[in-house]
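Enquirer: Below: one structure in structure tokens.
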Amino acid sequence: MNVQLRVADTWFEVCERARLTPGRGLAALLPDGRQAALFLDRAGRAYAIDNLDPFTGAAVLSRGLLGTADGRPFVASPLLKQRFDLETGRCLDDDEVAVETHPVRIA
Amino acid sequence: MPKPQPNPAPSPQGRPALVLVGHGMVGQRFLEAAVERGLAASHRIVVLCEEPRPAYDRVQLTSYFSGRTPDELSLTDRAFLDEHGIELYVGEPAESLDREAKTVTARSGRVFAYETLVLATGSYPFVPPVPGKDATGCFVYRTIEDLLAIEEYAKRRATTGAVVGGGLLGLEAAGALRGLGLATHVVEFAPRLMPVQVDEGGGEALLRTITGMGLTVHTGTGTQEIVTDDDGAVRGMKLSDGRELATDLVVFSAGVRPRDQLARAHGLAVGERGGVTVDERCRTSDPDVYAIGECAQAADGRVYGLVAPGYEMARTAAAAIAAEDGPGFTGADLSTKLKLLGVDVASFGDAHGTAEGCLDVVYADSRSGTYKKLVIGAGGELLGGVLVGDAEAYGLLRPLTGSVPPVPAEQLVLPAGTGVSAALGPEALPGSAVVCNCHNVTKDEVQACATLPEVKKCTKAGTGCGSCVKLIGRLLPRTGDDGLCGCFGQTRQELYEIVRALRLTSFRELLDGHGREAARGGEGCEVCKPTVGSIIASLAPTIGAEGHVLDGEQAALQDTNDHFLANLQKNGSYSVVPRIPGGEITPEKLIVIGEVARDFGLYTKITGGQRIDLFGARVEQLPMIWTRLVDAGFESGHAYGKALRTVKSCVGRTWCRYGVQDSVRMAIDLELRYRGLRAPHKLKSAVSGCARECAEAQSKDFGVIATASGWNLYVGGNGGATPRHADLLAQDLDDAELVRLIDRFLMFYIRTADRLERTAAWLERIDGGLDHVRDVVVHDSLGICAELEALMADHVTHYRDEWADTLDDPERLARFVSFVNAPGVPDPTVGFVPEREQIKPDLPLLAIGRRPLEGASR
Ligand code: SRM
Ligand SMILES: Cc1cc2nc3c(=O)[nH]c(=O)nc-3n(C[C@H](O)[C@H](O)[C@H](O)COP(=O)(O)OP(=O)(O)OC[C@H]3O[C@@H](n4cnc5c(N)ncnc54)[C@H](O)[C@@H]3O)c2cc1C
Ligand code: SF4
Ligand code: FES
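So the protein lines, in turn, are chains Z and U.
Each residue of the first sequence is one higher than the one before, starting from 38 at the first, in this note's numbering.
Each residue of the second sequence is one higher than the one before, starting from 235 at the first, in this note's numbering.
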């Protein structure tokens, strides 16, 4: 069972699913040099968003903590703690900011 | 002396003059009451103050010795005086009166005309006329200047001190001498200590406890002569039983006498045993002159030596001068609650049981030094009582005085936890019960407010002796939801108890079983996850959880710093802080740190915590860096965890000419004992080798200062944004006692503090504050000390270095990569540029991360 990301219309293979710990993230290097942050929730669903924290410019979102707010999954940046919705990429603490999301599947 | 020209009355400003003689506690209260009634607008107010400083809190005088500065004791400020145009003349006592011309002459010769004069001159300490009473080294205990003189003399030339008088003030003075490191004696003429406030049984309990603290008490003993050496300095004292007591310093505390000289000399009526006679409105025999506070003999014929009745008189006089109707002052309750040498002593109402047909209900436990007596009237009503050792119930019992208590009296004196003791809640009080004695505030008045600051502002309740604050807290409404976060309705403390009691080792189990309904089954959040992670980590050995913070489900709970055992920096790199216990380091180890920093190109800096921080490590470098450090004998410094940081030390007795103990050794021992301990917030400590305090121990969560005979332990200090001086928890401890108290203190804090609440904020917040913490950790009032010590013993025996463990475990090491799919590739966004011969982060421009919303959601 591997985690795959949709990049440039193909499924890009990242790693074995077992590498992911539920509730925590990992960073992946994409073919175009960008970085994605991958997460697994406790129900086994995977999510991927851009790894770059828009508030600090550091590539650290994969090192944030997962949470649930109003039934939706989010990650909180480890630097200044802004939260990002894992499904939409929207920042829950600042309407003007969002990060990119990537379709992800486990196959 | 030529008579100076008086100012014409009314004053130059055209307003009648109100002159206050004496700026003590009651004088200041009078000024506040006068301002409230508009007298500052209608009158020119002049204050003649004898002492070299404006009014200060005499009641808290002794707290000077536990670190309160004279400034902190002050009761007034320039702004208050300026705002209301009050003229204060410091160091300018009134010397004579001319009641005909209505003028007061001050020491400088200045003359002040008055329309109304208020005397608030307080008392002076009575010194029995024994030979040698004026020798060098004899003192009284009344003013800040007295304290400064005692301190100076004690430090310079005394090792033993004696207090004449075992009353309330004598015991305070004895506590102060002991705090100065003197072997201390108390000589009391009466057969028991505090004869005025407590009865025989109470005196005995007090005696046992005080003797147990190392003070020597001589009751039933008079002082006959002060013996001096050739220079006229105190050498000893002759006692009535023929013995001679060797002592270098004597403090007389044999009662106070009203300062009524001014009134007496100018023909005002004074009482038989002193005190300016006043009527119910505090008017003296001259209708233009008032007297208030300790210098007055009230309408009931008594002279009150307590501050609360004085405040009442201040209010009465201000109302009378403002021509307001209102109740006069007809007498007051002599209830007191004190903390003497750390022992609670309270007496209220008819404490000695003088009413006809009354009965006593007594509980005494000589082991714990507790004595409680209630006086019950023929009709079952509570008349008064004495509490020694445990005065917890005072706040509730005093307002109940005069009524029939809702539960049988014997249940009121039995200690909590004996099964039959009744938890008498504040609901039992009638609305008219006086809750704050100092300011005469009733339960109804308190309950008209919503918060404690509001109560203090509107009613002044709680701003006097402070003994009512706890009760006030219980009378106020609870503020809505104090749950930890959106996921848990419980506080951190409640979650701790759940985890401990149910031995829960899984966050999910806790969330699904005890979280808010809507949060169950979810992920939790960034607030509760690290909080619960920390609770599980601090209880790990006890609840049988795997303690290592990188393992299993625990891994998902930790903040990133704990997850990578390093501190994340602004550009995504990490810092590395090896532990350097007590700040002591060998040249070899210093060289290793230097070499590691050089080889990995790290920025190095000496931290504020007496150790070295290496910045700029990429995540994949951390294991290599730590392999080198662990090989050289270093361990994790837990700079990343809510855990013990550093125990700083000064060089101490080994090298320093002033040092009295080996502060470095103690700092190292403490740092090694508590390393790795997970707590609600970080913990810092320091050990100083003498009172010069070079290690700044009083700014630490727990700080230790050496004394000639052991260690003083301070708790609740803080640097940071809201600095707080630590409070003295216990004195002159030996090594084992010190460690035992710190064990208990830390475990009690870990158990009861809120998330991210440093010890300073915790101590300020919890009910009963420092006193309560002392009761729990020193006197074991909750009976949990054995358990707290066992928890700490578990921690100490199970401690393992997290970095050494991580290096031994390939699975854990696998996390330390920048990219899961490219383990060898360093993160290209982490860059550095040179600065001052080292490196600093090279940050990308921030705009690149901000994207239009439309493109974001797919
Ligand atoms: C490195 C150091 C500054 C230095 O270059 O000297 C430092 C650095 C940081 N301090 Fe500090 N503090 C450092 C000594 C202090 C001191 C001085 C001391 O310990 O004697 C204080 C005041 C004393 C105190 O804590 O009471 C101090 C008060 C704070 C505070 C405010 C705490 C408070 O209660 O108000 C914070 C913020 C917090 O913890 O919430 C803080 C937080 C931080 C953090 C963790 C901020 C952060 O989250 O990134 C910094 C990260 C350090 C890192 O990445 O390695 N640091 N910090 C010092 C490390 C000491 C050590 O060896 O462990
Ligand atoms: C160590 C200590 C502990 C105490 N603890 C408690 C306690 O726990 N509870 C309690 O209720 N009470 C306590 N007291 C008593 C309390 O401090 C007094 O009841 C209170 O201070 C009385 O206030 P006052 O204004 O009448 O007198 P003071 O506070 O003594 O003020 C009188 C002021 O008038 C000045 N003065 C005198 N003559 C002149 C003059 N001619 N011209 C100008 N100024 C003059 C004096 O210098 C003094 O500053 C304690 C007292 C001491 C010393
Ligand atoms: S605290 Fe005292 S013993 Fe320690 S260095 Fe300073 S002066 Fe010396
Ligand atoms: S009883 Fe002293 S402040 Fe309230």
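Yeah, the Cβ is synthetic: ideal placement off N, Cα and C, and Gly gets one too.
In this text, all values refer to a predicted model and were calculated from it rather than measured experimentally.
(1) Where does TRP945 (chain U) sit, in a helix, a strand or coil, going by DSSP?
(2) At a CB-CB cut-off below 7 Å, which residues of chain U make contact with LEU129 (chain Z)?
(3) How is LYS882 (chain U) classed by DSSP in three states: helix, strand or coil?
(4) Inspect the beta-carbon positions of VAL853 (chain U) and VAL881 (chain U) and report whether they are closer than 9 Å.
(5) Is any heavy atom in ligand 2 found nearer than 8 Å to the beta carbon of ARG536 (chain U)?
(6) Can you tell me which residues form a DSSP beta bridge with TYR358 (chain U)?
(7) Straight-line CA distance for GLN803 (chain U) to ARG891 (chain U)?
(8) Classify GLN1114 (chain U): buried if its beta carbon has 16 or more other beta carbons within 10 angstroms, exposed otherwise.
(9) Among the residues of its own chain, which have a CB less than 8 Å from the CB of GLY613 (chain U), if the five just before and after it don't count?
(10) Less than 9 Å between the beta carbons of GLY404 (chain U) and GLY258 (chain U), yes or no?
(11) Against chain Z, which members of the segment 939-957 of chain U pass a CB distance test of less than 7 Å?
(12) Taking the runs of the beta strand (DSSP E) that are 3 residues or longer, which of them lie wholly in the segment 606-692 of chain U?
(13) Which parts of the segment 747-810 of chain U are runs of the beta strand (DSSP E), unbroken and 3 residues or longer, counting only runs that do not cross its ends?
(14) Say whether chain Z places a C-beta atom closer than 9 Å to the C-beta of ARG989 (chain U).
(15) Roughly how many angstroms separate the alpha carbons of GLY1002 (chain U) and VAL703 (chain U), rounded to a whole number?
(16) Any heavy atom of ligand 2 within a distance shorter than 8 Å of the CB on CYS529 (chain U)?
(17) Counting beta carbon pairs with one atom in the segment 390-399 of chain U and one in the segment 476-488 of chain U, are three or more of them shorter than 8 Å?
(18) Going straight from the alpha carbon of PHE314 (chain U) to that of GLU321 (chain U), what length do you get?
(19) Counting contacts by CB-CB distance shorter than 9 Å, is GLN41 (chain Z) in contact with chain U?
(20) For HIS257 (chain U), is the beta carbon positioned less than 8 Å from some heavy atom of ligand 2?
(21) If you measure between the beta carbons of ARG391 (chain U) and ALA467 (chain U), is that distance less than 9 Å?
(22) In whole angstroms, what separates the C-alpha of ALA589 (chain U) from that of LEU616 (chain U)?
(23) According to the neighbour-count rule (16 or more other Cβ atoms, all chains shown, within 10 Å of its Cβ), is ALA1020 (chain U) buried or exposed?
(24) Quick check: the segment 339-348 of chain U against the segment 532-540 of chain U, are there 3 or more CB pairs under 8 Å?
(25) Count the C-beta pairs between the segment 504-517 of chain U and the segment 562-577 of chain U that are closer than 8 Å, then say yes if the count reaches three, no if not.
(26) Against ARG742 (chain U), what residues of chain Z qualify as contacts under a CB-to-CB distance less than 8 Å, listed in chain order?
(27) Evaluate the contact criterion for the segment 826-840 of chain U versus the segment 790-806 of chain U: three or more CB pairs, one atom per stretch, below 8 Å.
(28) Ordered along the chain, which non-local residues of its own chain (more than five positions away) have a Cβ less than 7 Å from that of LEU66 (chain Z)?
(29) Can you tell me whether ARG56 (chain Z) is helix, strand or coil according to DSSP?
(30) Could you tell me if the beta carbon of ARG292 (chain U) falls within a distance shorter than 8 Å of some heavy atom in ligand 2?
(31) Under a three-way DSSP split, which group does LYS916 (chain U) fall into?
(32) Suppose you measure from the CA of LEU572 (chain U) to the CA of ARG899 (chain U); what does that come to, to the nearest Å?
(33) At a cut-off of 8 Å, is ALA499 (chain U) close to ligand 2 when judged by its beta-carbon and the heavy atoms of the ligand?
(34) Select from the segment 750-769 of chain U all residues with a C-beta closer than 9 Å to any C-beta belonging to chain Z, and list them in chain order.
(35) Does the separation of the CB atoms of ARG142 (chain Z) and ASP122 (chain Z) fall below 9 Å?
(36) Answer with yes or no whether the minimum CB distance from ALA64 (chain Z) to chain U is below 9 Å.
Expert: On the basis of the coordinates in this document:
(1) By 1-based counting over the second sequence, the position of residue 945 (chain U) is 711. The DSSP-derived three-state label of TRP945 (chain U) is strand.
(2) As a first step, residue 129 (chain Z) is located in the first sequence; it is residue number 92 there, counting from the start. Residues of chain U passing the Cβ test: none, with the nearest at roughly 11 Å.
(3) The residue labelled residue 882 (chain U) in the question sits at position 648 within the second sequence. Correct three-state label for LYS882 (chain U): strand.
(4) Your numbering for residue 853 (chain U) matches position 619 in the second sequence. Your numbering for residue 881 (chain U) matches position 647 in the second sequence. Their beta carbons are not under 9 Å apart, which means VAL853 (chain U) does not touch VAL881 (chain U) by this criterion.
(5) Within the second sequence, the letter at position 302 stands for residue 536 (chain U). No, the Cβ of ARG536 (chain U) stays beyond 8 Å of every heavy atom of ligand 2.
(6) On the second sequence, residue 358 (chain U) is found 124 positions in, with the first residue counted as 1. Looking at the DSSP assignment, TYR358 (chain U) forms a beta bridge with U:ARG491.
(7) The sequence position of residue 803 (chain U) within the second sequence is 569, counting from 1. The sequence position of residue 891 (chain U) within the second sequence is 657, counting from 1. About 42 Å.
(8) Nothing in the structure corresponds to residue 1114 (chain U), since chain U is present only between 235 and 1092.
(9) Residue mapping note: residue 613 (chain U) aligns to position 379 of the second sequence, counting from 1. Within the same chain, and ignoring the five residues on either side of GLY613 (chain U) in sequence, the residues whose Cβ sits closer than 8 Å to its Cβ are VAL638.
(10) Indexing the second sequence from 1 puts residue 404 (chain U) at position 170. Indexing the second sequence from 1 puts residue 258 (chain U) at position 24. For GLY404 (chain U) and GLY258 (chain U), no; Cβs fall outside 9 Å.
(11) Closer than 7 Å at the C-beta level to chain Z, one finds no residue of the segment 939-957 of chain U.
(12) Every beta strand (DSSP E) of 3 residues or more that sits fully in the segment 606-692 of chain U is shown, in chain order, as 616-622 and 668-670.
(13) The qualifying runs are 808-810.
(14) Here residue 989 (chain U) is taken as the residue at index 755 of the second sequence, counted from 1. No, its Cβ sits nowhere closer than 9 Å to a Cβ of chain Z.
(15) In the second sequence, the residue the question calls residue 1002 (chain U) occupies position 768. In the second sequence, the residue the question calls residue 703 (chain U) occupies position 469. Going from the Cα of GLY1002 (chain U) to the Cα of VAL703 (chain U) covers about 8 Å.
(16) Numbered from 1 along the second sequence, position 295 holds the residue referred to as residue 529 (chain U). Because some heavy atom of ligand 2 lies under 8 Å away, the Cβ of CYS529 (chain U) counts as near it: yes.
(17) Short answer: they touch.
(18) As a position in the second sequence, residue 314 (chain U) is number 80, starting the count at 1. As a position in the second sequence, residue 321 (chain U) is number 87, starting the count at 1. Roughly 11 Å between the two C-alpha positions.
(19) Taking the first sequence and counting its residues from 1, the one referred to as residue 41 (chain Z) is at position 4. No Cβ of chain U is located within less than 9 Å of the beta carbon of GLN41 (chain Z).
(20) Reading the second sequence from its first residue, position 23 is the one you call residue 257 (chain U). For ligand 2, at least one heavy atom lies less than 8 Å from the Cβ of HIS257 (chain U).
(21) Reading the second sequence from its first residue, position 157 is the one you call residue 391 (chain U). Reading the second sequence from its first residue, position 233 is the one you call residue 467 (chain U). Going by C-beta atoms, ARG391 (chain U) is nearer than 9 Å to ALA467 (chain U).
(22) Working through the second sequence from its first residue, we reach residue 589 (chain U) at position 355. Working through the second sequence from its first residue, we reach residue 616 (chain U) at position 382. Straight through space, the alpha carbons of LEU616 (chain U) and ALA589 (chain U) are spaced by roughly 11 Å.
(23) Residue numbering aside, residue 1020 (chain U) sits at position 786 when the second sequence is read from its first letter. Exposed, since its Cβ has fewer than 16 Cβ neighbours within 10 Å.
(24) No, they do not touch.
(25) Below 8 Å, enough C-beta pairs join the segment 504-517 of chain U and the segment 562-577 of chain U to call them touching: three or more.
(26) Walking along the second sequence from the start, residue 742 (chain U) turns up at place 508. Correct list: ARG79.
(27) Touching, no.
(28) Mapped onto the first sequence, residue 66 (chain Z) falls at position 29. Within the same chain, LEU66 (chain Z) has close Cβ partners GLN72.
(29) The sequence position of residue 56 (chain Z) within the first sequence is 19, counting from 1. Of the three classes helix, strand and coil, the one that applies to ARG56 (chain Z) here is helix, per DSSP.
(30) Your numbering for residue 292 (chain U) matches position 58 in the second sequence. ARG292 (chain U) Cβ: within cutoff of ligand 2.
(31) Residue mapping note: residue 916 (chain U) aligns to position 682 of the second sequence, counting from 1. DSSP places LYS916 (chain U) in coil when its eight states are reduced to three.
(32) Sequence index remark: in the second sequence, residue 572 (chain U) carries index 338 (1-based). Sequence index remark: in the second sequence, residue 899 (chain U) carries index 665 (1-based). If you draw a straight line from the Cα of LEU572 (chain U) to the Cα of ARG899 (chain U), it is about 38 Å long.
(33) On the second sequence, residue 499 (chain U) is found 265 positions in, with the first residue counted as 1. No - ligand 2 has no heavy atom lying nearer than 8 Å to the Cβ of ALA499 (chain U).
(34) The segment 750-769 of chain U vs chain Z, Cβ under 9 Å: ALA752, ALA753, GLY755, GLY756, GLU757, GLY758, CYS759, GLU760, VAL761, CYS762, LYS763 and PRO764.
(35) What you label residue 142 (chain Z) is simply residue 105 of the first sequence in a count that begins at 1. What you label residue 122 (chain Z) is simply residue 85 of the first sequence in a count that begins at 1. At the C-beta level, ARG142 (chain Z) and ASP122 (chain Z) stay beyond 9 Å of one another.
(36) As a first step, residue 64 (chain Z) is located in the first sequence; it is residue number 27 there, counting from the start. Cβ-Cβ to chain U under 9 Å: yes for ALA64 (chain Z).
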